[in-house]
Amino acid sequence: MKKRFSIVACLSVALGLAGCGGASPQGLILGKWETGQGDTEIKAEFAGDGTAKITMLGQTLQGTYKFDGENLEWTVNGITTKFQAKVTTTELDVTSDGKMVIYKRT
């Protein structure tokens, strides 16, 4: 009986993990990111409630964002900017006007 329970428990865990395997881009973007490219360090943070903040040159701007898996839209102080974006578990690549900035998860 214990052996049967162990097998069922292992299968349940395996199926649960398989169901979680393909995390959505909207979920992957959540958290803190930073880039060291260029002369300026930039930090970004995305929250599950659609709010975001970006810090650069010692200034932090707060606003909102929308991300559909391919396009990232920031709105800060009533100004909306759109970017192409790709996210993995460790990198966030943001492209605008042919220039890419690569953020790393912190």
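Numbering (numbering that gives the first Met the number 0), first residue to last: 0 to 105. Just so you know, even glycine gets a beta-carbon here, dropped at the ideal spot from N, CA and C. Everything numeric in this text was worked out from a predicted model, so none of it was measured.
Contact set for G20: own chain, Cβ-Cβ below 7 Å, skip 5 residues either direction
Within the sequence shown, numbered from 1, the residue matching residue 20 stands at position 21. Residue confidence for G20 is low, a pLDDT of 40 falling below 50, so the modelled location carries little weight; the figure read from the coordinates is stated next. Hits under 7 Å: none found.
Going by Cα to Cα distance, which pick from T34, E44, T88 is closest to S23?
One-based indexing of the sequence shown puts residue 23 at position 24. Of T34, E44, T88, the residue nearest in Cα terms is T88.
Expected contact under 8 Å - CB spacing of G49 and Y64 to nearest Å
Taking the sequence shown and counting its residues from 1, the one referred to as residue 49 is at position 50. Taking the sequence shown and counting its residues from 1, the one referred to as residue 64 is at position 65. Their Cβ separation, rounded to whole angstroms, is 6 Å, which keeps G49 and Y64 in contact under 8 Å.
With burial defined as no fewer than 16 other Cβ atoms inside 10 Å of the residue's Cβ, what is the status of T105: buried or exposed?
As a first step, residue 105 is located in the sequence shown; it is residue number 106 there, counting from the start. Per the 10 Å Cβ criterion, exposed.
Kindly give me the distance between the Cβ atoms of W73 and A51, rounded to whole angstroms, as I take these residues to be in contact under 8 Å.
On the sequence shown, residue 73 is found 74 positions in, with the first residue counted as 1. On the sequence shown, residue 51 is found 52 positions in, with the first residue counted as 1. With a Cβ gap of about 7 Å, W73 and A51 count as contacting.
Confirm, please, whether the CB-CB distance from M55 to T39 is below 7 Å.
Locating residue 39 in the sequence shown gives position 40, where the first residue counts as 1. Locating residue 55 in the sequence shown gives position 56, where the first residue counts as 1. Cβ atoms of T39 and M55: closer than 7 Å.
Is the separation between the beta-carbon of T34 and that of I41 shorter than 7 Å?
Your numbering for residue 34 matches position 35 in the sequence shown. Your numbering for residue 41 matches position 42 in the sequence shown. Yes.
Rounding to the nearest angstrom, what Cα-Cα distance links V31 and A43 in this structure?
Counted from its first residue, the sequence shown places residue 31 at position 32. Counted from its first residue, the sequence shown places residue 43 at position 44. The amino acid at residue 31 is misidentified as Val; the sequence shows Lys. Rounded to the nearest angstrom, the two C-alpha atoms are 6 Å apart.
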